[in-house]
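Residue numbers (numbering that gives the first Met the number 0), protein chains in the order written: chain A, 0 to 122; chain B, 0 to 172. No residue lacks a Cβ here, since even glycine has one placed at the ideal position from N, Cα and C. Here the structure comes first, spelled out in structure tokens, and everything after it is commentary.
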Amino acid sequence: MSKKVLLVDDSSTTLMMEEMILKQRTSYECVMAKDGLDAISRAVVEAPDLVLMDVVMPRLNGFEACKRMRLEDSLRDTPIILVTTRGEEEYVEAGFQSGCNDYITKPINSFELVTLLQSYLGE
Amino acid sequence: MSTSSNLSETESSPRMQDIGDRARIFAARMRLQSALDQADALDGIREIAGNLIGTEEIAVFKVDTKRAKLWLYWSFGVDPNKHSVLDVTREPRLKQVLAGKPMFQSRLSNENLLSCDDPVSALVPILVDGTVVAVLVLFRLFSHKSELQSVDQEICEVLSNCAGRAIEPYHAR
Numbered sequence: 000m001s002k003k004v005l006l007v008d009d010s011s012t013t014l015m016m017e018e019m020i021l022k023q024r025t026s027y028e029c030v031m032a033k034d035g036l037d038a039i040s041r042a043v044v045e046a047p048d049l050v051l052m053d054v055v056m057p058r059l060n061g062f063e064a065c066k067r068m069r070l071e072d073s074l075r076d077t078p079i080i081l082v083t084t085r086g087e088e089e090y091v092e093a094g095f096q097s098g099c100n101d102y103i104t105k106p107i108n109s110f111e112l113v114t115l116l117q118s119y120l121g122e
Numbered sequence: 000m001s002t003s004s005n006l007s008e009t010e011s012s013p014r015m016q017d018i019g020d021r022a023r024i025f026a027a028r029m030r031l032q033s034a035l036d037q038a039d040a041l042d043g044i045r046e047i048a049g050n051l052i053g054t055e056e057i058a059v060f061k062v063d064t065k066r067a068k069l070w071l072y073w074s075f076g077v078d079p080n081k082h083s084v085l086d087v088t089r090e091p092r093l094k095q096v097l098a099g100k101p102m103f104q105s106r107l108s109n110e111n112l113l114s115c116d117d118p119v120s121a122l123v124p125i126l127v128d129g130t131v132v133a134v135l136v137l138f139r140l141f142s143h144k145s146e147l148q149s150v151d152q153e154i155c156e157v158l159s160n161c162a163g164r165a166i167e168p169y170h171a172r
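Dropping the structure here:
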């Protein structure tokens, strides 16, 4: 059974690119959400094996969504990787404090993305 | 960040990078071609610049009928008061851009592409029916990105050819 990845971004361009890369290079199933609130409800229903989530989004940002996901029993141990536009130390620290497992910076490098996801999910 | 690799030899870095590059170019093209209207096309430019190229400081300047000045049409992440107009006579590189040739900042050069304080990474002509109707200026890149790569230049080419709807919605359809 293939692993399921929840892709979260308000940018349809980013979702399309992430899905294309993962479909071509992995056997993961991709489900999508367009903001933090949508992500939480999709995550509860879909029970993904990993969440790849943007930080800057309308309605609920990635940090807050990550915190709220950690309050859900079913999502407490789900790996969450945040996608940021910044690699600065304080920004990364805020991400880890929200409960994320890892982060990756935009623009996404496909090799880095697949390698990172495989380190959590295997192939 | 975790970097342990489980990739097989056939999924080596250059091949994977090629897949990623093609995905980025395809996503950029699809985003612009599926734009619902002018505002959505401008939002598409912002999305592509931020998510696929690596800058959140952009501006679009529309070419006037005499092709002597470029007036700020839309911007994101820059002070519009600082960049309200570009004078072609004072910006020699703009002549090449108005001829349809994009310009990219070289890491080896200390000279800015425009005579302004903000660092300019690229000047991209936006074409409608083969005519340059506007110039997209990409300013400062994200701090972790040192310069534009060849795939970024290809994405700029997509912007050049497909972003016309953001400027001239009727003709671009």
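Residues of chain B with a Cβ closer than 9 Å to the Cβ of residue 54 of chain A do not exist, since the nearest Cβ in that chain sits about 12 Å away.
The beta carbon of residue 104 of chain A falls within 8 Å of a beta carbon belonging to chain B, placing the residue at that interface. According to the DSSP secondary-structure assignment, residue 28 of chain A is paired through a beta bridge with A:3. Between residue 110 of chain A and chain B, the shortest Cβ-Cβ separation is below 8 Å. Proximity of chain B to residue 20 of chain A at the Cβ level (cut-off 7 Å) is accounted for by 18, 19, 22, in chain order.
Here the alpha carbons of residue 139 of chain B and residue 31 of chain B stand approximately 22 Å from one another. CA-CA distance, residue 0 of chain A to residue 49 of chain A, rounds to 15 Å.
For residue 137 of chain B, the closest Cβ of chain A is not nearer than 8 Å.
Interface criterion not met: the Cβ of residue 82 of chain B is under 8 Å from no Cβ in chain A. A straight line joining the alpha-carbon of residue 38 of chain A with that of residue 22 of chain A spans about 20 Å. If you draw a 10 Å sphere on the C-beta of residue 105 of chain A, you find 16 or more other C-beta atoms in it, and that means buried. Between residue 82 of chain A and residue 52 of chain A the beta-carbon gap is near 7 Å, inside 8 Å, which marks them as a contact.
Residue contact check for residue 1 of chain A against chain B: no CB pair falls below 8 Å. For residue 68 of chain B, the enclosing beta strand (DSSP E) stretches over residues 68-75.
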